[in-house]
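Using full-length UniProt numbering, you'd call the opening residue of the sequence shown number 1 and step up by one each time. Note that the Cβ used here is the ideal one computed from N, Cα and C, for glycine as well.
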Amino acid sequence: MYVTTRATNDPLFFLHHCMIDNIWETWRLSKQSRAARETAYPTDDIRCSSQSHFSRSIMVPFSPMVNIDGCSNRYTDNLYQYDPRPTCSSSRRDCGSR
């Protein structure tokens with residue numbers, strides 16, 4: 001992943017982002033209600049980002065989806081789920097971590 005222009009072709013890139021997605025989903029579940037997870041999106045403000053990042057802008061190249069659709073609960077409801085991460089300690093060495 002050292003050469004950033006080719007990082008997405010590195011198999012470790014996929015594993016890295018799976019872990020980042022797991023951390024993000026764990027945070028979402030612990031800090032947001034189910035309804036908030038689908039509606040919490042930064043305010044559309046041209047001073048902060050280009051219009052292509054606004055909540056109702058087309059999600060290129062996935063038209064007709066719009067950016068806020070990426071926050072939908074449908075993904076975790078229907079497409080995937082994460083197992084709890086193992087918790088290891090000095091008293092519990094066989095914690096299931098591999």
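Contact between S55 and N67 holds: their C-beta atoms lie close to 6 Å from each other, under 8 Å. In the same chain as A40, and ignoring 5 residues on each side of it, the C-beta atoms closer than 8 Å to its own belong to Q32, C71, in chain order. Rounded to whole angstroms, the Cβ separation of E25 and Y82 is 6 Å, and the two are in contact under 8 Å.
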